[in-house]
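A.B. asks:
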Amino acid sequence: MKTNSLFSLRYIASLLLLMSLFVTACGSDKGKVEGVNMLYGTDSKVWKTAKETDATGDKMTQTDAQENEELRIFANGTYNMTGASGAVTGKYTFDQAGKSITMTPDGSATSNTFAVETLTDDKLTLKSADGAALMLEAE
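Mapping of the sequence shown onto the numbering used here: residues 1 to 139, in sequence order.
(1) Determine the direct distance from the alpha carbon of residue 124 to that of residue 138, and round the result to whole angstroms.
(2) Please say whether residue 76 and residue 89 have beta carbons closer to each other than 7 Å?
(3) What are the partner residues of residue 134, as DSSP defines its beta bridges?
(4) On the DSSP letters alone, give me the boundaries of the alpha helix (DSSP H) that residue 67 sits inside.
(5) Residue 38 by DSSP, collapsed to three states: which one?
(6) Report the CB separation of residue 65 from residue 50 in whole angstroms; it is logged as a contact under 8 Å.
(7) If I'm right that residue 118 touches residue 48 with Cβ under 8 Å, what's the distance once you round it to whole angstroms?
(8) In its own chain, which residues sit with a C-beta less than 7 Å from the C-beta of residue 56, not counting the 5 before and 5 after it?
(9) For residue 133, which option in 53, 37, 38 has the closest C-alpha, if you only look at C-alpha atoms?
(10) For residue 95, which residues does DSSP report across the bridge?
(11) Mind checking residue 103: buried by the 16 CB within 10 Å criterion, or exposed?
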């Protein structure tokens, strides 16, 4: 009887360990900020909006035009944003340790700095100073 009881406990403990490993592996990427090359791949990468939230965290409804906007980030430190309102080009700097990206449109003295909440090969989440967030997926 002790042998069966001991076997059952080991079996349950093994299952719990496997489940915890699975949950950890499949968990959220939030907070995971990988290297700068995840921004642009080998030369450039196109990012499309997956979801947008306002400062309170509520999901914002996007128009068809907003859903078709693209952000292309290049390895040479430049970016191009295209959408219904036209195209914007500029330069960016990425601070991996500080988990931030600063984007400056060409011809502008004003730059925008965003917190980088997530940066993986296929996900990029940018958060503005007011708390609004933009979740992007690699195309």
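Yeah, the Cβ is synthetic: ideal placement off N, Cα and C, and Gly gets one too.
C.D. replies: In short, the structure shows the following:
(1) 8 Å
(2) no
(3) 52, 126
(4) 64-67
(5) helix
(6) Not really, about 16 Å apart at Cβ, beyond 8 Å.
(7) Between residue 48 and residue 118 the Cβ distance is about 15 Å, and since that is not below 8 Å, they are no contact.
(8) none
(9) 53
(10) 100
(11) buried
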